[in-house]
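Residue 212 in this note's numbering is what sits at position 169 of the sequence shown, and the numbering runs on without skipping anything.
Let me begin by presenting the structure, written as structure tokens, before commenting on it.
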Amino acid sequence: MMPFRVEDEESPKQGGKRSDRFPELVLLRSAAVSADGALMALITWSEHMSVGVERIDKQHRQLIDLLNCLHAEMLAGRGLQALSEVLGDLILYTKTHFSTEETLFRNHGYPQAQAHKQEHDELTEKAVALQREVSSGRAALTLPTMNFLKDWLSNHILKTDMGYKSFFAAKGIK
Ligand SMILES: [Fe+2]
Ligand SMILES: [Fe+2]
């Protein structure tokens, strides 16, 4: 079962009618807007996310920006086409980023490269499946979907990517 909400009028458990989702959208909007009315980011970069390699940190920040952009577009009530385009950009940039990491692994003989690449492939597949669902109108970008994407990105950075931090530090890669 996909970890995101699927539009299905027949099955309230998997999404329900548009009106059933309304309280959740109100909750999401209020949670994402600060006291002065500014839009709050879904993920905020902080130093604990640094893997110690400048170009990788830069790409991670870019991915976070794209995800925050998708979140903001969703809160602004943008249509399917606009959301699907941002999601497409996020996937495209994710592929570029994964390829940068995998090239570094190859060039420096990172011992966990194979398992790490496998996780990249699985993450890409999940995001592409989500984009397919969103652009076909079968999935909506709601709170669970955004949380899925937030975990999708931050868990990989904080758990898997962190695994190479000391390896590259020992190699003098910055
Ligand atoms: Fe990464
Ligand atoms: Fe990675």
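Using N, Cα and C, we set each Cβ at its ideal position, and we do this for glycine too.
Contact annotation: the stretch 114-123 does not touch the stretch 159-175, with fewer than three C-beta pairs closer than 8 Å.
Sequence-distant partners of Leu166 (beyond 5 residues in either direction) whose C-beta falls short of 7 Å from its own C-beta, in its chain, are Trp195, His199. Separation of the CB atoms of Leu130 and Val177 is rounded to 6 Å, and the pair is thereby assigned contact status at 8 Å. In the three-state DSSP reduction, Ala115 falls in the helix class (H, G or I). Taken from the Cβ of Glu162, every heavy atom of ligand 1 lies 7 Å or farther away. Look at the beta carbons and you see the stretch 148-167 touching the stretch 199-217: at least three pairs across the two are nearer than 8 Å. If you ignore the 5 residues before and after Thr203, its C-beta comes within less than 7 Å of the C-beta of His159, Glu162, all in its own chain and listed in chain order. If you draw a straight line from the Cα of Thr185 to the Cα of Leu126, it is about 11 Å long. Taking the CA atoms as reference points, Gly122 sits about 10 Å from Glu128. Under the criterion of beta carbons closer than 8 Å, Glu97 and Lys217 qualify as touching, at roughly 6 Å. Residue Leu133 holds the alpha-carbon nearest to the alpha-carbon of Leu192 among Trp88, Arg104, Thr139, Leu133.
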